[in-house]
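Have a look at the structure below, then the notes.
Protein chains: 2
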Amino acid sequence: MSSAASLRCRECGKEYPLSLKYVCGDCFGPVDVVYDYDSMGLNRNSFVSRPKSLWRYHEFLPVELSPESTELQAGYTPLVNSRRLAGELGLGRLYVKNDTVNPTGSFKDRPAALGVARAVQFGLKSVGCASTGNLAAATSAYAARSGVPCFVFVPYDIEPAKVSQAQAYGANILAVEGTYDDANRLAAQAGELYGIGVVNINLRPYYVEGSKTLAFEVAEQLGWEVPDHVIIPVGSGAMLHAICKGFEELRRVGLTDRVPRRVTAVEPAGCAPIAHAFQKGSADVMPVEAPRTIAKSLAIGDPGDGAYVLKDIRKYGGEVEEVHDEQIVDAVYLLAKSEGIFAEPAGGVTIAALKKLVEDGRIDKDESVVCYVTGSGLKTPDLLEGSLPRPTRVKPDARSLSQVIAR
Amino acid sequence: MSSAASLRCRECGKEYPLSLKYVCGDCFGPVDVVYDYDSMGLNRNSFVSRPKSLWRYHEFLPVELSPESTELQAGYTPLVNSRRLAGELGLGRLYVKNDTVNPTGSFKDRPAALGVARAVQFGLKSVGCASTGNLAAATSAYAARSGVPCFVFVPYDIEPAKVSQAQAYGANILAVEGTYDDANRLAAQAGELYGIGVVNINLRPYYVEGSKTLAFEVAEQLGWEVPDHVIIPVGSGAMLHAICKGFEELRRVGLTDRVPRRVTAVEPAGCAPIAHAFQKGSADVMPVEAPRTIAKSLAIGDPGDGAYVLKDIRKYGGEVEEVHDEQIVDAVYLLAKSEGIFAEPAGGVTIAALKKLVEDGRIDKDESVVCYVTGSGLKTPDLLEGSLPRPTRVKPDARSLSQVIAR
Chain A
5 MSSAASLRCR
15 ECGKEYPLSL
25 KYVCGDCFGP
35 VDVVYDYDSM
45 GLNRNSFVSR
55 PKSLWRYHEF
65 LPVELSPEST
75 ELQAGYTPLV
85 NSRRLAGELG
95 LGRLYVKNDT
105 VNPTGSFKDR
115 PAALGVARAV
125 QFGLKSVGCA
135 STGNLAAATS
145 AYAARSGVPC
155 FVFVPYDIEP
165 AKVSQAQAYG
175 ANILAVEGTY
185 DDANRLAAQA
195 GELYGIGVVN
205 INLRPYYVEG
215 SKTLAFEVAE
225 QLGWEVPDHV
235 IIPVGSGAML
245 HAICKGFEEL
255 RRVGLTDRVP
265 RRVTAVEPAG
275 CAPIAHAFQK
285 GSADVMPVEA
295 PRTIAKSLAI
305 GDPGDGAYVL
315 KDIRKYGGEV
325 EEVHDEQIVD
335 AVYLLAKSEG
345 IFAEPAGGVT
355 IAALKKLVED
365 GRIDKDESVV
375 CYVTGSGLKT
385 PDLLEGSLPR
395 PTRVKPDARS
405 LSQVIAR
Chain B
5 MSSAASLRCR
15 ECGKEYPLSL
25 KYVCGDCFGP
35 VDVVYDYDSM
45 GLNRNSFVSR
55 PKSLWRYHEF
65 LPVELSPEST
75 ELQAGYTPLV
85 NSRRLAGELG
95 LGRLYVKNDT
105 VNPTGSFKDR
115 PAALGVARAV
125 QFGLKSVGCA
135 STGNLAAATS
145 AYAARSGVPC
155 FVFVPYDIEP
165 AKVSQAQAYG
175 ANILAVEGTY
185 DDANRLAAQA
195 GELYGIGVVN
205 INLRPYYVEG
215 SKTLAFEVAE
225 QLGWEVPDHV
235 IIPVGSGAML
245 HAICKGFEEL
255 RRVGLTDRVP
265 RRVTAVEPAG
275 CAPIAHAFQK
285 GSADVMPVEA
295 PRTIAKSLAI
305 GDPGDGAYVL
315 KDIRKYGGEV
325 EEVHDEQIVD
335 AVYLLAKSEG
345 IFAEPAGGVT
355 IAALKKLVED
365 GRIDKDESVV
375 CYVTGSGLKT
385 PDLLEGSLPR
395 PTRVKPDARS
405 LSQVIAR
């Protein structure tokens, strides 16, 4: 069962009971779930016969163990020992956390599963989110599985294809006449006025906890060893902060004896507000007005957890990298061709950063590295158009083969 | 380790050593892998600490345990207890085997993983397949992961989008100036002349064994209970025959005490050669000249294992159903909206058949039913176009919400 005890303001430390509160009433800081770590009583053997999904770490999740009827077995995705890619880059120990294979095709299954399960536990009658992509799909799928309606708030001018997966799951798409910010604001109002559990707004403290499992799984899959270096793509920054929290929790309860020695955050160059702040040595993240990148799922101009990403990166002695669209596309192909893992651009972002670190001589060949690859290439079929070679024409006879196949 | 002992002709019983032979030299029948079941020494506890992938059943697979460096952890996909869909249909115990979450998005990961691993074990220098869709993607991914080149044989006039996933994995696409049959023939010649391991031709005996794991997993996930009734989509028929073989093997070694009481095969109505033979009581399957169905991955006009599907169905006292395109689309949505599982049309085919059996009163409400859902809806984005409702426009103010959200 869950060991969640209360909510606590990340800024002023004020505590609240586990409720729909998501902003501190005193200082307007974000609130986080706090756990009773001493009650967990876990050791490495505790996990042996647990389900191979994110629910195996239920003590660290702020929901009473999800009834089978609201979940889709997200998580416990493969940690792929990537020897061929490591060899090409001249590295020793490289692992890819392949989160492309979650039930809806991205890591968003993790927070969405938590958010929707917590909404059901609160007795809310509907859920929703403000999102145009992976989160919309994930929230809609868990809502469908749980039998509650789902409202997805989007700006009215987005391409219909962006929400078609969510629509397949039966979500109600609300096209808000305004910007992404307007859609966000209306979602927040809908949460207050109609008691909708908006997973990335009023359920955010619970929702973000789902991404901690990306740390737990990596540690367990490495035999409870912690990697030296993790490379993480950043949109809002919530996932990176959650992964760091996850590694810290494992050490706190004694399942591991350290945290990663180095955390690298990566943004696409067309939307890199945190990288810019990092380069300037600033603690404040200045929003990017008009994000331009093929990594749409990272195109968040005003990242909610940007300041916390900066803190985490400084604490871990890491860096914030930015990579260009061409590097991202090259990296998507590099990963697919060397390891058989086909990622969306946000997944290419981490591999592109890895390559850049290698080329700049800024990585130690002996360190163990984990790259988080967070969404499936099947989500972004347009990426391939125009960048693939033409098939080779051959006549239907054996002789013509000799021109295309080496003996 | 593998307990594979030899190859044996399915027709005349002649035995051969484990080699690249795929057709009996005496009678031209297909050859199957035969195992030394008595040497396996398995009981239900044998599996507790094995990897959660298809390799956990390595005794029943014709490859020495795959080294980590050639596999992507295919298989052991969720068996989803589908209470909401069961409730809508008035059924008692319904499970969906969610094979949409395999590494390349379809069940073809299973046979492709076996075929490529066996090619590597044979020391072959390249692999390939004749396929335009899911198999091309899967073979290419395992080839990439294994570091061997992959040749995909397709008719020259297919849409480029059909092979883009395979191309992302770096496959060489050979566009054969001719029909699908010509592409197939040239692939077979390439296998003979250049020693290419063509997974669905000269490696077929090994390749097909991968799909047996769809039976093993279902039995184990049900606590080594065998479902009363399984519903299986049919293209070539190889998967259905393999699933039946899998259930028979489990009984043979005493892991279970029976096989399913009923096996239902389903074809799309626009390509239903086996259903037609079944309806006529014939043992011969007459090819369909021009398949027409949205379930492209089942559009195989001359199914290689058609006659064996008929035998299996008669042995198990089942039926061969056909379902129309509109029923398939409706079923894709029904599954997505009730259980949060988004399938390609071939997955809708099984749910459509289930619904038809319920409507016709041809299913027992007390029987346990497993529906095999074999590919991801992300593979076929076109399916949704035109069939989804328009998003609901709302103004960016709270008042406008009252018109779209019920309190």
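Residue numbers (the numbering used here), protein chains in the order written: chain A, 5 to 411; chain B, 5 to 411. Beta carbons are placed, not taken as given, at the ideal position from N, Cα and C, and that holds for glycine.
Would residue i count as contacting chain B if we go by Cβ distances under 8 Å?
i: residue 184 of chain A; result: no
i: residue 355 of chain A; result: no
i: residue 359 of chain A; result: no
i: residue 181 of chain A; result: yes
i: residue 399 of chain A; result: yes
i: residue 396 of chain A; result: yes
i: residue 82 of chain A; result: yes
i: residue 242 of chain A; result: no
i: residue 21 of chain A; result: no
i: residue 312 of chain A; result: no
i: residue 304 of chain A; result: no
i: residue 155 of chain A; result: yes
i: residue 225 of chain A; result: no
i: residue 88 of chain A; result: yes
Taking 8 Å as the CB-CB cut-off, is residue i touching chain A?
i: residue 116 of chain B; result: no
i: residue 160 of chain B; result: yes
i: residue 344 of chain B; result: yes
i: residue 412 of chain B; result: Residue 412 of chain B is absent from the model: chain B starts at 5 and stops at 411.
i: residue 107 of chain B; result: yes
i: residue 362 of chain B; result: no
i: residue 167 of chain B; result: yes
i: residue 140 of chain B; result: no
i: residue 56 of chain B; result: yes
i: residue 93 of chain B; result: no
i: residue 204 of chain B; result: no
For residue i versus residue j, is the C-beta distance shorter than 8 Å?
i: residue 374 of chain B; j: residue 101 of chain B; result: yes
i: residue 58 of chain A; j: residue 250 of chain A; result: no
i: residue 168 of chain A; j: residue 388 of chain B; result: yes
i: residue 187 of chain B; j: residue 205 of chain B; result: no
i: residue 81 of chain B; j: residue 105 of chain B; result: yes
i: residue 310 of chain A; j: residue 295 of chain A; result: no
i: residue 108 of chain B; j: residue 134 of chain B; result: no
i: residue 157 of chain B; j: residue 132 of chain B; result: yes
i: residue 12 of chain A; j: residue 36 of chain A; result: yes
i: residue 275 of chain B; j: residue 292 of chain B; result: yes
i: residue 222 of chain A; j: residue 89 of chain A; result: no
i: residue 286 of chain A; j: residue 333 of chain A; result: no
Which chain E residues are close to residue i, counting only those with a beta carbon under 7 Å from its beta carbon?
i: residue 72 of chain B; result: No chain E appears in this structure, whose protein chains are A and B.
Provide the residue(s) that pair with residue i in DSSP beta bridges, ordered along the chain.
i: residue 28 of chain B; result: Partner(s): none; residue 28 of chain B has no beta bridge.
i: residue 133 of chain A; result: A:156
i: residue 10 of chain A; result: A:38
i: residue 380 of chain B; result: B:347
i: residue 233 of chain B; result: B:266 and B:373
i: residue 354 of chain A; result: None; residue 354 of chain A has no bridge partner.
i: residue 397 of chain A; result: B:179
i: residue 19 of chain B; result: B:12
i: residue 412 of chain A; result: The requested residue 412 of chain A does not occur in the structure, where chain A is confined to residues 5 to 411.
i: residue 326 of chain B; result: B:271
- request: Tell me, please, whether the segment 235 to 244 of chain A touches the segment 133 to 149 of chain A by the rule of three or more beta-carbon pairs shorter than 8 Å.
  value: no
message: When you compare the segment 25 to 42 of chain B with the segment 226 to 235 of chain B, are there three or more beta-carbon pairs, one atom per stretch, that lie closer than 8 Å?
response: no
message: Could you check whether the segment 169 to 185 of chain B touches the segment 387 to 403 of chain A, counting it as contact only if at least three pairs of C-beta atoms, one from each stretch, sit closer than 8 Å?
response: yes
- request: Would you be able to state if there are at least three C-beta pairs under 8 Å between the segment 320 to 340 of chain B and the segment 65 to 74 of chain B?
  value: Because the criterion of three Cβ pairs below 8 Å is not met, the segment 65 to 74 of chain B and the segment 320 to 340 of chain B do not touch.
message: Quick check on the DSSP output: what are the complete alpha helix (DSSP H) runs of length 4 or more inside the segment 241 to 299 of chain A, in order along the chain?
response: 242 to 256 and 277 to 284
- prompt: Can at least three beta-carbon pairs, one atom from the segment 251 to 266 of chain B and one from the segment 278 to 286 of chain B, be found at a separation below 8 Å?
  reply: no
query: Which ranges does the alpha helix (DSSP H) cover as unbroken runs of at least 4 residues, wholly within the segment 26 to 111 of chain A, from first to last along the chain?
result: 87 to 93
query: Three or more beta-carbon pairs under 8 Å between the segment 48 to 65 of chain B and the segment 306 to 326 of chain A, yes or no?
result: no
- prompt: Mind pulling the alpha helix (DSSP H) runs of 4 or more residues that sit fully within the segment 164 to 192 of chain A?
  reply: 168 to 172
query: Between the segment 193 to 202 of chain A and the segment 118 to 136 of chain A, are three or more C-beta pairs nearer than 8 Å?
result: yes
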